[in-house]
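So the structure is just underneath, and the comments pick up after that.
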DNA sequence: TCAAAATAAATGCAATTGCATGTATATGTG
DNA sequence: CACATATACATGCAATTGCATTTATTTTGA
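Protein chains in written order, with the numbering used here: chain U, 1193 to 1344; chain Z, 1193 to 1344.
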């Protein structure tokens, strides 16, 4: 059993965490809701499509998608299976590693990502952009970056 | 079909949103992981127990839990069923509304919440508290509050 | 070189979630 | 009052997720 100094957050820290959590929940609910209303897939698909589009002709290996999306291995395995079935990405056997494959976005996938971005981008603007000034946004970005980087 | 000015976020706004999303994912993964490692239930249970403990002897109606937790109605219905089955809360028919019930935390529930807090609180400190200065934290709290409030 | 360990990805099965609907009671209105 | 509508909560069923394990291949190192 672990013995040692038990770290405890102060009230401000708890407050920050509670609000991060709440903002995320509210925002995601709105965003997913809008996508659904428009008959579009969920954000998880967007993330995959975006990363694949960024990767370009090189494509991405599933384990690389795992890293960038923070999804579990089986999550990536299944989501790419579904997106492929829907025609928005393509999988090809990897020539330098017979265990693996490379994943590429299709033209239909690029179009879908663009359609989703119209809705998603607008929602981001509604939730964040419209409600924060430039200085606050710059600071927020900086602090969030710092927090993320500390989570090595 | 909707016609109108399509709002678009600027790069800084997208950056802020992307980082909010990423920090939440990382943090939640760490927190849920630690709880699981300790053989404790997931954060969703903690949220319910915390709200019930706050509510005290008055308890809470399921629809009130829905509001505070942002869970869907069926989500609340099921989570309280499971937590009750595990003995950490109790449901009683509501005397002024025969459709409803009131939910109360049990003594075992209070103990569980306390145990979870040891782990959860420490994780909050690791993820947030340790990595941010007081001034930044105060600012972050303020800006997050502002963003949440705008999401009426 | 070859066996052991590590890595890439998939999958069976149980648990959870989402969606739509059902049941019961309450409220509002003519 | 009587009916229509709204609210509170539960639940059947399909889809998704989590966990543990499997299969295939690559890497390591004695």
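Each residue gets a CB set at the ideal place from its N, CA and C atoms; glycine is no exception.
- Secondary structure at residue 1222 (chain U): helix, using DSSP grouped into helix, strand and coil.
- Taking 8 Å as the cut-off, the Cβ atoms of residue 1324 (chain U) and residue 1339 (chain Z) count as close.
- Residue contact check for residue 1225 (chain Z) against chain U: no CB pair falls below 8 Å.
- In the DSSP assignment, residue 1283 (chain U) falls within the unbroken beta strand (DSSP E) covering 1281-1285.
- Your pair residue 1317 (chain U) and residue 1199 (chain Z) checks out as a contact, with CB atoms roughly 4 Å apart and the cut at 8 Å.
- Residue 1318 (chain Z) reaches chain U at 1199, counting residues in chain order whose Cβ is nearer than 8 Å.
- By the rule that beta-carbons nearer than 8 Å mark a contact, residue 1214 (chain U) touches chain Z.
- Distance between residue 1229 (chain U) and residue 1235 (chain U), taken at the CA atoms: about 13 Å.
- In the structure shown, residue 1343 (chain U) falls within a coil segment according to DSSP collapsed to helix, strand and coil.
- Close CB contacts of residue 1276 (chain U) within its chain, under the 7 Å cut and outside five residues either way in sequence, are with 1282, 1283 (chain order).
- Using a Cβ-Cβ cut-off of 8 Å, residue 1328 (chain U) counts as an interface residue toward chain Z, since at least one Cβ of chain Z sits closer than that to its own.
- For residue 1241 (chain Z), the nearest beta carbon of chain U is not closer than 8 Å to its own beta carbon.
- Against residue 1204 (chain Z), the close residues of chain U are 1326, 1329, 1330, 1333, in the order they occur along the chain (beta-carbon pairs closer than 8 Å).
- Spanning the alpha carbons of residue 1308 (chain U) and residue 1291 (chain U) requires a straight line of approximately 33 Å.
- Segment contact: the stretch 1235-1248 of chain Z against the stretch 1199-1216 of chain Z, fewer than three CB-CB distances shorter than 8 Å; contact not assigned.
- Between residue 1211 (chain Z) and chain U, the shortest Cβ-Cβ separation is below 8 Å.
- Exposure of residue 1266 (chain Z) is indicated by the presence of fewer than 16 other C-beta atoms within 10 angstroms of its C-beta.
- For residue 1272 (chain Z), no beta strand (DSSP E) run applies; the uninterrupted alpha helix (DSSP H) run containing it begins and ends at 1265-1277, by DSSP.
- Across the structure, residue 1336 (chain U) and residue 1328 (chain U) are spaced so that their CA atoms are roughly 12 Å apart.
- The alpha carbon of residue 1209 (chain U) has as its nearest neighbour, out of Z:1206, Z:1288, Z:1208, Z:1223, the alpha carbon of Z:1223.
- Contact of residue 1303 (chain U) with chain Z is not assigned, every C-beta pair being separated by 8 Å or more.
- Within chain Z, the residues whose beta carbon sits less than 8 Å from that of residue 1208 (chain U) are 1320, 1324, 1329, 1332, 1333, 1336, listed in sequence order.
- A direct Cα-to-Cα measurement between residue 1252 (chain U) and residue 1288 (chain Z) gives close to 59 Å.
- Here DSSP, grouped into helix, strand and coil, assigns residue 1232 (chain Z) to coil.
- CA-to-CA, the gap between residue 1272 (chain Z) and residue 1258 (chain Z) works out to about 11 Å.
- Using a CB distance cut-off of 8 Å, residue 1251 (chain U) does not count as an interface residue toward chain Z.
- Distance from the Cα of residue 1342 (chain U) is smallest, within the candidate group Z:1261, Z:1269, Z:1319, for Z:1319.
- Going by DSSP, residue 1310 (chain Z) is part of the alpha helix (DSSP H) stretching over 1299-1319.
- Counting other Cβ atoms within 10 Å of its Cβ, residue 1303 (chain Z) stays below 16 and is therefore classed as exposed.
- Of the residues Z:1285, Z:1255, Z:1295, Z:1278, the one whose Cα lies closest to the Cα of residue 1232 (chain Z) is Z:1278.
- In the displayed model, residue 1215 (chain Z) falls within a helix according to three-state DSSP.
- Annotation: residue 1249 (chain Z) is outside any alpha helix (DSSP H) and is labelled neither H nor E by DSSP.
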